[in-house]
Amino acid sequence: MTGETHLSGEEQVIHAAERHLSSGSVTHDGYAALLEQYRKLARQTEKLVRISDRQQEQLNRVNEELAEKNSILADREAHLVKLVDEKTQKIERITIALVNALEDANLLNDADTGNHIKRVSKYSAVIARAYGCAPEYVRKIELYASLHDIGKVGIPDEILKKRGSFEDDEFERMKQHVLIGFRMLDSEDLDAMAKNIVRYHHEKWDGTGYIEGLAGETIPLEARIVALADVYDALTSRRAYKPAYCEKETEDIIRAGAGKHFDPAIVDVFFTRIESIIAIRDEYT
Ligand SMILES: [Fe+2]
1361 MTGETHLSGE EQVIHAAERH LSSGSVTHDG YAALLEQYRK LARQTEKLVR
1411 ISDRQQEQLN RVNEELAEKN SILADREAHL VKLVDEKTQK IERITIALVN
1461 ALEDANLLND ADTGNHIKRV SKYSAVIARA YGCAPEYVRK IELYASLHDI
1511 GKVGIPDEIL KKRGSFEDDE FERMKQHVLI GFRMLDSEDL DAMAKNIVRY
1561 HHEKWDGTGY IEGLAGETIP LEARIVALAD VYDALTSRRA YKPAYCEKET
1611 EDIIRAGAGK HFDPAIVDVF FTRIESIIAI RDEYT
């Protein structure tokens, strides 16, 4: 590294020119021309620096304007999110009111099912929570599980309220309640969970259920959960055609049904919450 490295541009030019001058390789005129050339370059550099400063100022102004516009957009977005939230909540309130109205219609049709509907909804929520479902899912399953047998409004009383077991043709007719209910709810505006519960809550894990004969995880999760909640409640309740089973008998039947009637993973989580389930049963019986 030479001493010239620490010299300014002008000093380097002068220094180089003086060396050439003293060595005789450049004339005084050449020296003056070199200096003039340097000054010209210096003026151009200054001009470029001024242009660059102006461009930087313009860039700063553009950035400030962009920041301001982003802030306005963020405010508008927050406003829109608030509006959507309010609308969503309103739709949810309307949905809940309609579900409650349908539930009431179901109660009028079959007085025995009143607490059954409440218990199945609450059992389903407990199972879904224990299974690790998101709070929104748990909230929805509690709401829509109450509709699982809504299609029974389309089943004649002589079958629906029959004491004793069904004849084959009566059972075939009874099975139709899932399709009747599904058709009642078959609107693209209605949450798919409600339709899945109504249509598939009598499917069985091993594929021997109705109405499609679906098996395993092809049965929507919500329908698998409600299936277990529904059967547990049916077993522990007195019906026109049977007495209530005790807790022990019921639990044995549920355990034996794991992997056959029920999703075994759901049976497992169900038993981790059996105390909550029994507490609900006691409260709503
Ligand atoms: Fe049903």
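Heads up: the sequence shown is residues 1361 to 1645, going by my numbering.
Heads up, the beta-carbon is just placed ideally off N, CA and C, and yes, glycines get one too.
Bear in mind that the values here come from a model prediction, so they are computed numbers and not experimental data.
Going straight from the alpha carbon of His1380 to that of Thr1405, what length do you get?
Locating residue 1380 in the sequence shown gives position 20, where the first residue counts as 1. Locating residue 1405 in the sequence shown gives position 45, where the first residue counts as 1. Each residue's Cα considered, the two are about 25 Å apart.
Per DSSP, which one or two residues make a beta bridge with Ala1618?
What you label residue 1618 is simply residue 258 of the sequence shown in a count that begins at 1. For Ala1618, which the question treats as bridged, DSSP gives the partners Phe1622.
May I ask you to list the residues that DSSP assigns as paired with Arg1599?
Position 239 of the sequence shown holds residue 1599. Bridge partners of Arg1599: Lys1602.
Taking Tyr1644 as the reference, give the member of Tyr1391, Val1480, Glu1417 and Arg1414 with the closest Cα.
Taking the first residue of the sequence shown as position 1, residue 1644 is located at position 284. With distances taken between Cα atoms, Tyr1644 lies closest to Val1480.
With DSSP collapsed to three states, give me the class of Tyr1644.
Position 284 of the sequence shown holds residue 1644. Correct three-state label for Tyr1644: coil.
From Pro1516, Gly1617, Gly1619 and Glu1611, pick the residue whose C-alpha is nearest to that of Ile1634; which is it?
Position 274 of the sequence shown holds residue 1634. Out of Pro1516, Gly1617, Gly1619 and Glu1611, Glu1611 has the C-alpha closest to the C-alpha of Ile1634.
Any idea what DSSP makes of Leu1426, helix, strand or coil?
Position 66 of the sequence shown, counting from 1, holds the residue named residue 1426. Residue state, collapsed to three classes: helix.
With distances taken from CA atoms, which of Thr1387, Glu1563, Tyr1605 and Gly1514 is nearest Val1586?
Along the sequence shown, read from residue 1 onward, the residue named residue 1586 stands at position 226. When each option's Cα is compared against that of Val1586, the closest is Glu1563.
Evaluate Asp1623 with the Cβ neighbour count: other Cβ atoms within 10 Å of its Cβ, from every protein chain shown; 16 or more gives buried, anything less gives exposed.
Taking the sequence shown and counting its residues from 1, the one referred to as residue 1623 is at position 263. By the neighbour-count criterion, in which a residue is buried when 16 or more other Cβ atoms sit within 10 angstroms of its Cβ, Asp1623 is buried.
With 16 other CB atoms within 10 Å as the buried threshold, where does Ala1402 fall?
Taking the sequence shown and counting its residues from 1, one reaches residue 1402 at position 42. Looking at its Cβ environment, which holds fewer than 16 other Cβ atoms inside 10 Å, Ala1402 is exposed.
Please classify Tyr1483 as buried or exposed, where buried requires at least 16 other C-beta atoms within 10 Å of its C-beta.
The residue given as residue 1483 occupies position 123 in the sequence shown. The residue is buried, with at least 16 neighbouring Cβ atoms inside 10 Å.
On the three-state DSSP scale, how would you describe Gln1536?
The residue you call residue 1536 lines up with position 176 of the sequence shown. Annotated three-state conformation of Gln1536 is coil, per DSSP.
Is it the case that the stretch 1514 to 1527 contacts the stretch 1597 to 1604, given that we only count it when at least three CB pairs across the two stretches are under 8 Å?
Contact holds: three or more Cβ-Cβ distances are below 8 Å.
Would you say the beta carbon of Val1513 is closer than 8 Å to some non-hydrogen atom of ligand 1?
Translated into the one-based positions of the sequence shown, residue 1513 becomes position 153. The beta carbon of Val1513 sits no closer than 8 Å to any heavy atom of ligand 1.
Would you say the beta carbon of His1439 comes nearer than 8 Å to a heavy atom of ligand 1?
For the purposes of this step, residue 1439 is taken as residue 79 along the sequence shown, with counting starting at 1. Not so, every heavy atom of ligand 1 lies at least 8 Å from the Cβ.
Let me know the alpha helix (DSSP H) ranges lying completely inside the stretch 1435 to 1504, each 4 residues or longer, listed in chain order.
1474 to 1491 and 1495 to 1504
Can you give the Cα-Cα distance for Arg1414 and Ala1434, rounded to whole angstroms?
By one-based count along the sequence shown, residue 1414 stands at place 54. By one-based count along the sequence shown, residue 1434 stands at place 74. Taking the straight line joining both Cα atoms gives about 30 Å.
How big is the Cα-Cα spacing for Glu1607 and Arg1641?
Along the sequence shown, one-based indexing puts residue 1607 at 247. Along the sequence shown, one-based indexing puts residue 1641 at 281. Their Cα atoms are separated by approximately 11 Å.
Can you find the residues in the same chain that come closer than 7 Å, C-beta to C-beta, to Asp1517, ignoring five residues on each side of it along the sequence?
Translated into positions along the sequence shown, residue 1517 becomes position 157. Counting only Cβ-Cβ distances below 7 Å, and skipping sequence neighbours, we find nothing.
Skipping 5 residues on each side, what residues in its chain have a beta carbon closer than 7 Å to that of Ala1575?
As a first step, residue 1575 must be located in the sequence shown, where it is residue number 215. Counting only Cβ-Cβ distances below 7 Å, and skipping sequence neighbours, we find Trp1565, Asp1566 and Gly1567.
If you check the beta carbons only, do Lys1512 and Asp1551 fall under 9 Å apart?
Here the question's residue 1512 lines up with position 152 in the sequence shown. Here the question's residue 1551 lines up with position 191 in the sequence shown. Cβ distance not < 9 Å, so Lys1512 and Asp1551 don't count as in contact.
For Pro1580, does the count of other Cβ atoms within 10 angstroms reach 16, so buried, or fall short, so exposed?
Along the sequence shown, one-based indexing puts residue 1580 at 220. By the 10 Å Cβ count, Pro1580 comes out buried.
Once DSSP output is grouped into helix, strand and coil, what is the label at Arg1543?
As a working note, residue 1543 is residue 183 in the sequence shown. Correct three-state label for Arg1543: helix.
Is the beta carbon of Val1558 sitting closer than 9 Å to the one on His1508?
As a position in the sequence shown, residue 1558 is number 198, starting the count at 1. As a position in the sequence shown, residue 1508 is number 148, starting the count at 1. Closer than 9 Å, so yes.
So what does DSSP say about Asp1551, is it helix, strand or coil?
In the sequence shown, counting from the first residue as 1, residue 1551 sits at position 191. If DSSP states are grouped into helix, strand and coil, Asp1551 belongs with coil.
Is it right to say Val1591 is buried, meaning 16 or more other beta carbons lie within 10 angstroms of its own, or is it exposed?
For this step, residue 1591 is matched to residue 231 along the sequence shown. Answer is buried; the Cβ neighbour count reaches 16.
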